[in-house]
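What follows is a set of notes on a single structure, which appears directly below.
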Amino acid sequence: MRKFVGIVMLAALVAVAGFGATVAQAKELKVGFVYVSPVGDAGYSYAHDLGRQAVAKMDGVKTFYVESVPEGADATRVINNMARKGYDVIFGTSFGYMDPMLKVAKKFPKTTFMHCSGYKTAPNMSAYFGRIYQSRYLAGLVAGSMTKSNIIGYVGAFPIPEVKRGINAFTLGVRAVNPNAKVHVVWTKTWYDPATEKEAAKSLIDIGSDVIAQHQDSPGPQEAAQEAGIYSVGYNSDMSQFAPKAHLTSVVWNWSAFYPVVIEKVKKGEWKADNYWWGLSEGVVDLAPFGKMVPQDVQDMVNARKAEIKKGTFKVFAGPIKDQSGTVRIAEGEVASDAMLTGMDWFVEGVEGSNQ
Amino acid sequence: MGLELIIPILAATIQSGTPILYATLGEMLTERSGVLNLGVEGMMIFGAFFAFLVSYYTGNPWLAFICAGLLAGLFGLAHAVVCLVFQGNQVVSGLALTILGVGLADFLGTAYVGVSAPGFSPFDFPVLSAIPVLGEIFFKQDALVYVSFLLPFLFWFFMNRTRWGLALGAAGENPAACFAAGLNPVKLRWAGIYFGGVLCGLGGAYLSLAYTHLWTNNMTAGRGWIAVALVIFAFWRPGRAMFGAYLFGGIMAFQMRLQAVGATLPSSLLLMLPYALTIIVLLFSSARGKGRQAPAALGVNIEPGE
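Chains A and B, in that order, are what the protein sequence lines are. Numbering-wise, the first sequence is residues 0 to 355 according to numbering that gives the first Met the number 0. Numbering-wise, the second sequence is residues 0 to 305 according to numbering that gives the first Met the number 0.
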C-alpha cells in the first residue's frame with residue numbers, strides 16, 4: 000500500500016514538473032493579485048476580483064490571487080513569494096501593502112508592481128486608484144433629490160482622507176440639489192463588521208435620516224435601511240440584492256476598465272512607473288443602475304452631470320467651497336489639486352459630525 | 000435629548016446586549032461547574048457560522064438556532080477532553096479553543112462571506128408591546144430577545160432550586176465533597192462545559208440570524224471576551240449578568256447616537272468606552288474583594304483518584 004502511494008505521488012510530481020515546463024515554454028504572463036479581504040464579500044476585494052477575471056480572459060495571461068492577506072508582515076511574505084515564483088506583474092489592492100510592496104520591489108527590479116490607493120512609487124512600481132469621489136458626488140445628487148427629512152446618514156469606516164473626500168463629494172452633491180440638507184456621519188472604525196455597521200446606520204435612522212450612504216464593504220447599512228423603509232446608497236458593487244426596496248444606486252468600482260490596459264502595456268513593453276488616478280471618463284468608477292423609485296427627471300439630471308464630469312467641463316471640487324466652520328477652503332474660480340484631494344482632512348459645510 | 004431619542008437608544012441597547020447575555024450566561028454555567036473556559040469567542044463564532052449555514056440550506060431559522068447551540072456545545076467538548084480527561088491547563092486549552100474556532104469558522108465560511116440567509120426580525124409582542132415606553136423598549140424585538148429575557152430566571156431557578164443545578168454548583172465549589180455525597184463531579188463538569196458551550200453558540204447564532212442576516216469572518220468581533228469579563232463583573236450571578244450585558248450594549252448604542260447627532264468628540268474616544276468600562280469594573284470588583292465570590296474550585300482540575 001505504501002509503495003502504491005509512493006508511486007502515485009511520484010507520478011503526480013512528474014506531472015506537475017511537466018506542467019511547469021509547458022507553462023515556461025509558452026511564456027505566459029503571470030499576474031498575481033493580493034487582496035485584503037475574501038473575494039466573496041460583494042465588496043472591495045470582490046470588485047478587484049472582477050477586474051482580475053477580465054485580465055484572465057486575455058490571451059497568454061495567467062492570473063493568480065491570494066485573499067484575506069493582513070496588511071503588514073504577512074503582506075511582505077505573500078508579495079515576496081509571488082515575486083520569487085516569477086510572477087511578472089503583482090497587484091496589491093490595499094493601502095497597507097504600500098511599504099511591504101516597495102520593499103519587495105527593490106529586490107525584484109524586473110517584476111512590475113502595482114499598488115492601489117497609496118502614493119509611493121519606484122522605477123518598477125506604480126501607484127493607482129480611482130476617482131470614486133466623482134461617483135459619490137453623483138450619488139449625492141440622487142440622495143439630495145430623494146430626501147424629505149433633509150437628514151442624510153453616512154456610515155464612515157475610518158477618518159482617513161480617502162473616506163473624508165468621499166463624504167465631502169457626496170455632501171457637495173446633496174447640497175447642489177438641496178441646500179438645506181445635512182449629512183450626518185457616524186464612524187464605525189471597521190471595514191467589515193456587519194453588526195456594528197448596521198447598528199451605526201440604525202443610529203442615523205433614529206435621528207431622522209431617510210437616506211443612508213456608506214463607506215464600508217458590508218451590506219449591514221443596506222439591511223438597516225430596508226428594514227426601516229427608507230432609502231440607501233451602496234458602495235463597491237451593486238448592492239441592490241441586499242435591499243431591493245431601499246437601494247437608490249451604488250457607487251461602484253469597475254476595475255475591468257483598468258487592469259487589462261495595464262497588462263496590455265506590460266506585454267508591449269510600454270509600461271512605466273506612474274501614478275494613475277482614473278475616474279468616470281475612463282470608466283474605472285461608475286454608478287450602479289438606479290432603483291425604480293428614482294424619478295426619471297432625477298435620473299436625467301444625474302446622467303447629464305455625469306456626462307459633464309466625463310467631458311471635464313464640470314469639476315466636483317470647484318470653489319467656492321467652505322469647511323464646517325464656514326472658512327473658505329477652495330476659493331471661487333479655483334479647483335482642488337490632486338495633492339489637496341489626497342490629503343483632505345476637513346469636512347465641507349453641511350457635514351455634521353466629528354472629522355476624527 | 001428627548002424621549003423620542005432615548006427610547007431607540009434603549010431598544011438598541013437590548014439588541015446589542017443580547018448576544019453578550021447568552022454568552023455570559025454560558026460561560027457562567029461552565030465556571031459554576033468549576034471549569035474556566037476562555038474559548039467563548041471560538042464557540043460563539045462557531046455557533047454564528049453554523050446558524051447561518053443551517054438557515055441558508057434549510058430556510059428554517061429556529062432549526063438553525065438550535066443546531067448552532069448543539070454544535071457549538073460539541074465543539075466546546077474539546078475543552079472537556081483536555082481538562083477532564085487529561086487534566087490539561089484550562090487557560091491554555093480555552094485560548095486554543097478560541098483560536099481554533101475563529102480559524103475554523105473563517106476557513107469553512109470563506110465561500111459564504113456576504114451571503115444572506117433567512118433569520119429573525121422584530122415583531123410587536125402581543126399585548127405587552129402596547130405598554131407605553133417600556134413596551135417600545137422591551138417588546139418590539141425579535142423572538143431570540145424574548146427567549147433571552149427568560150434565561151437569567153431559568154438559570155437562577157436551575158442553579159438554586161433543582162437537584163441537578165445544586166449538584167453542578169457543588170462540582171464547582173468542592174468536588175471532593177461532591178464526590179463524597181455520591182455524585183460524580185467529572186460528569187457534572189462535562190455537562191457544565193457542554194451546556195455552557197450551547198449558550199455561547201446561541202449568542203453567536205444571534206449575530207448571524209437576528210442582528211444581521213448574513214455571514215462574515217470574525218463576526219463576533221471580541222464579544223466573547225467581553226462575556227468572559229462580564230462573568231466576573233456579575234460575580235457569577237445571572238441577574239447581574241443581564242445588567243452587565245445591557246450596560247455594554249447601552250454604551251455601544253449610545254456612542255453611535257452621540258456621533259449621529261453631531262457630537263464633535265473624537266470617535267476613537269467614544270469607541271474606547273466599553274473597554275475602559277471593563278477595566279474599571281474589574282478594578283473595582285477586585286478592590287472590594289468581590290473576586291472571592293468565584294466558585295471555590297474554579298480552574299482547579301479534578302485529579303484522578305481524588
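Built from N, CA and C at the ideal position, the CB exists for glycine as well.
Backbone secondary structure at residue i - three-state DSSP
i, result
"residue 285/A", "strand"
"residue 328/A", "strand"
"residue 323/A", "coil"
"residue 1/B", "coil"
"residue 212/A", "strand"
"residue 21/A", "In this predicted model, residue 21/A has a pLDDT of only 45, less than 50, meaning its place in the structure is not dependable; the value taken from the coordinates is given anyway. Three-state result, residue 21/A: helix."
"residue 118/A", "coil"
"residue 106/A", "helix"
"residue 32/B", "coil"
"residue 69/A", "coil"
"residue 36/A", "coil"
"residue 267/A", "helix"
"residue 124/A", "strand"
"residue 183/A", "strand"
"residue 238/A", "coil"
"residue 188/A", "coil"
"residue 297/B", "coil"
"residue 243/B", "helix"
Under 7 Å from the C-beta of residue i: neighbouring residues of chain B
i, result
"residue 190/A", "Within chain B, no residue comes near residue 190/A; the closest Cβ sits about 11 Å away, beyond 7 Å."
"residue 351/A", "261"
Reference residue i; option with closest CA among the options
i, options, result
"residue 240/B", "252/B, 211/B, 286/B and 225/B", "225/B"
"residue 32/B", "236/B, 164/B and 135/B", "164/B"
"residue 5/B", "39/B, 135/B and 201/B", "135/B"
"residue 132/A", "115/A, 113/A, 164/A and 159/A", "164/A"
"residue 148/A", "256/A, 204/A, 252/A and 217/A", "204/A"
"residue 215/B", "209/A, 119/A, 41/A and 26/A", "41/A"
"residue 259/B", "152/A, 238/A and 86/A", "152/A"
"residue 247/B", "275/B, 71/B and 177/B", "275/B"
"residue 161/A", "342/A, 257/A and 82/A", "342/A"
"residue 13/B", "110/B, 270/B, 147/B and 262/B", "147/B"
"residue 89/B", "29/B, 56/B and 122/B", "29/B"
"residue 268/B", "281/A, 230/A, 261/A and 355/A", "355/A"
"residue 282/B", "293/B, 232/B, 253/B and 256/B", "232/B"
"residue 300/B", "139/B, 145/B, 140/B and 81/B", "81/B"
"residue 110/A", "117/A, 80/A, 288/A and 196/A", "80/A"
"residue 336/A", "158/A, 250/A, 116/A and 276/A", "276/A"
Cutoff 8 Å: residue i Cβ touching any chain B Cβ
i, result
"residue 274/A", "no"
"residue 237/A", "no"
"residue 18/A", "Confidence is the limiting factor: at residue 18/A the pLDDT is only 48, short of 50, which leaves the residue's position unreliable and the question unanswerable from this model."
"residue 218/A", "yes"
"residue 41/A", "yes"
"residue 21/A", "In this prediction, residue 21/A has a pLDDT of 45, which is less than 50 and means its spatial position is unreliable; nothing more can be read from the coordinates."
"residue 24/A", "The predicted position of residue 24/A is uncertain, since its pLDDT is 45 and thus under 50; a value taken from the coordinates is nonetheless stated next. No - not a single Cβ of chain B is within 8 Å of the one on residue 24/A."
"residue 205/A", "yes"
"residue 348/A", "no"
"residue 37/A", "yes"
"residue 32/A", "no"
"residue 241/A", "yes"
Under 7 Å from the C-beta of residue i: neighbouring residues of chain A
i, result
"residue 255/B", "185, 198, 199 and 202"
"residue 109/B", "37 and 39"
"residue 52/B", "Those within 7 Å of residue 52/B in chain A number zero; the least Cβ separation is about 14 Å."
Inter-residue CB distance, residue i and residue j (contact presumed, cutoff 8 Å)
i, j, result
"residue 32/A", "residue 90/A", "5 Å"
"residue 177/A", "residue 143/A", "4 Å"
"residue 183/A", "residue 352/A", "6 Å"
"residue 315/A", "residue 168/A", "5 Å"
"residue 23/B", "residue 167/B", "Not really, about 17 Å apart at Cβ, beyond 8 Å."
"residue 310/B", "residue 97/B", "Past the edges of chain B, shown from 0 to 305, lies residue 310/B, and the structure says nothing about it."
"residue 87/B", "residue 245/B", "Rounded, the Cβ-Cβ distance is 35 Å, inconsistent with contact."
"residue 47/B", "residue 206/B", "5 Å"
"residue 103/B", "residue 45/B", "7 Å"
"residue 42/B", "residue 85/B", "Contact doesn't hold; Cβ gap of about 20 Å is too wide."
Residue-level contact to chain A via CB, residue i, 8 Å cutoff
i, result
"residue 7/B", "yes"
"residue 15/B", "yes"
"residue 258/B", "yes"
"residue 112/B", "yes"
"residue 11/B", "yes"
Residue i: contacting residues in chain B (beta-carbon distance under 8 Å)
i, result
"residue 355/A", "265, 266 and 267"
Under 9 Å by beta carbon: chain A residues contacting residue i
i, result
"residue 220/B", "189, 192, 194 and 195"
"residue 251/B", "195 and 198"
Chain-ordered neighbours of residue i on chain B, where CB pairs are closer than 9 Å
i, result
"residue 222/A", "115, 211, 212 and 213"
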